[in-house]
Amino acid sequence: MNRLLRIIRYSWAAPASSVGLLLLVVAVCLGATCRVVDGVVEVAGGRFSRVFPLLPRVFHFEAITFGHVVIGLDHSLLAHLRTHEHAHVRQYERWGLLLIPLYLGSSAIQKMRGRNPYLHNRFEREAFAKAATPPVGLHATIEKSDADA
Numbered sequence: 526m527n528r529l530l531r532i533i534r535y536s537w538a539a540p541a542s543s544v545g546l547l548l549l550v551v552a553v554c555l556g557a558t559c560r561v562v563d564g565v566v567e568v569a570g571g572r573f574s575r576v577f578p579l580l581p582r583v584f585h586f587e588a589i590t591f592g593h594v595v596i597g598l599d600h601s602l603l604a605h606l607r608t609h610e611h612a613h614v615r616q617y618e619r620w621g622l623l624l625i626p627l628y629l630g631s632s633a634i635q636k637m638r639g640r641n642p643y644l645h646n647r648f649e650r651e652a653f654a655k656a657a658t659p660p661v662g663l664h665a666t667i668e669k670s671d672a673d674a
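Letter 38 of the sequence shown, counting from 1, is numbered 563 in the working numbering, and no numbers are missing.
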């Protein structure tokens, strides 16, 4: 029964994982390396962190999850954010591909309320609660600028 549930969870998250696998190919072409941790593919390193600052600010992240694929700037950062990002993996297992529009919708609602669309996003709040650690790096910068506003 446990194995069947695992197959169902992976299948339900598979469309989002496919998006992650496409991004994985780009990251690997930029020299990133892959690891599998607790059934999740983690991709980081290489020249990706040098290309990252060239993206528009709205696309800046330390790590991002698509299904069972987590893409991060470097592996040490992924180790620090693992519980948070793996909480997003569980969200994909629960919501499937619907997580993407639900996530964006939650951010839009928070923005309309004048709140930080990242820190007040329902799915981020759940992931931060599971990780039981405050935001670091870019997250801390966002939180500080949100408090200043």
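Backbone N, C-alpha and C define an ideal beta-carbon position, used for all residues, glycine too.
Beta bridge counterpart(s) of Ala557 as assigned by DSSP: Taking the sequence shown and counting its residues from 1, one reaches residue 557 at position 32. In the DSSP output, where bridge partners are listed per residue, Ala557 has none listed.
Leaving aside the five residues before and after Pro620 along the sequence, list all residues of the same chain whose C-beta is less than 7 Å from its C-beta, in chain order. By one-based count along the sequence shown, residue 620 stands at place 95. First, the residue type needs correcting, since residue 620 is Trp and not Pro in the sequence shown. Once the five neighbours on either side are set aside, the close Cβ partners of Trp620 are Leu627.
Please name the residue, chosen from Arg534, Met526, Leu580 and Thr558, that lies closest to Ser601 on a Cα-to-Cα basis. Residue mapping note: residue 601 aligns to position 76 of the sequence shown, counting from 1. Distances from the CA of Ser601 to each of Arg534, Met526, Leu580 and Thr558 were compared; the closest alpha carbon is that of Thr558.
With a cut-off of 8 Å, do at least 3 Cβ pairs link the stretch 606 to 616 to the stretch 562 to 572? Contact between the stretch 606 to 616 and the stretch 562 to 572 is present: 3 or more CB-CB pairs across the two stretches fall below 8 Å.
So, are the CB atoms of Leu529 and Ala569 less than 8 Å apart? Reading the sequence shown from its first residue, position 4 is the one you call residue 529. Reading the sequence shown from its first residue, position 44 is the one you call residue 569. The answer is no: Cβ separation not under 8 Å.
What does DSSP give as the partner residue(s) for Gly597 in the beta ladder? What you label residue 597 is simply residue 72 of the sequence shown in a count that begins at 1. DSSP, once it has assigned bridges, lists Ala588 as partnering Gly597.
For Ala569: DSSP bridge partner residues: For this step, residue 569 is matched to residue 44 along the sequence shown. Ala569 is bridged to Thr558.
Mind checking which residues open and close the alpha helix (DSSP H) that includes Arg647? Reading the sequence shown from its first residue, position 122 is the one you call residue 647. Residues Arg647 to Ala656.
Beta-carbon proximity list for Val544, same chain, < 6 Å, skipping 5 on both sides: Along the sequence shown, one-based indexing puts residue 544 at 19. Contacts found: Phe591.
With a cut-off of 8 Å on the beta carbons, I'd call Ala541 and Ile625 a contact; round off their distance for me. Taking the sequence shown and counting its residues from 1, one reaches residue 541 at position 16. Taking the sequence shown and counting its residues from 1, one reaches residue 625 at position 100. Right, the Cβ-Cβ distance comes to about 7 Å (below 8 Å), so this counts as a contact.
If you draw a straight line from the alpha carbon of Gly571 to that of Tyr535, how long is it in whole angstroms? As a first step, residue 571 must be located in the sequence shown, where it is residue number 46. As a first step, residue 535 must be located in the sequence shown, where it is residue number 10. Computed Cα separation, rounded: 28 Å.
Spatial distance of Arg640 from Glu567 (CA atoms): Walking along the sequence shown from the start, residue 640 turns up at place 115. Walking along the sequence shown from the start, residue 567 turns up at place 42. Computed Cα separation, rounded: 30 Å.
Report all residues from its chain with a CB closer than 7 Å to the CB of Pro578; omit the five preceding and five following residues, and keep chain order. Looking up residue 578 in the sequence shown gives position 53. Answer for Pro578: no residue qualifies.
Less than 8 Å between CB atoms is the rule here; does Val562 satisfy it with respect to chain B? Among the chains of the structure shown, chain B does not appear; only one protein chain is present.
What does a CB cutoff of less than 7 Å around Ala538 pick up in its chain, not counting 5 residues either side in sequence? By one-based count along the sequence shown, residue 538 stands at place 13. So the list reads Gly592, His593, Tyr617, Glu618 and Gly621, once near-sequence residues are dropped.
What is the C-beta distance between Phe573 and Leu555, in whole angstroms, given that I count them as a contact (C-beta under 8 Å)? Here residue 573 refers to the residue found at position 48 when the sequence shown is read from its first residue. Here residue 555 refers to the residue found at position 30 when the sequence shown is read from its first residue. Rounded to the nearest angstrom, the Cβ distance from Phe573 to Leu555 is 5 Å, consistent with a contact under 8 Å.
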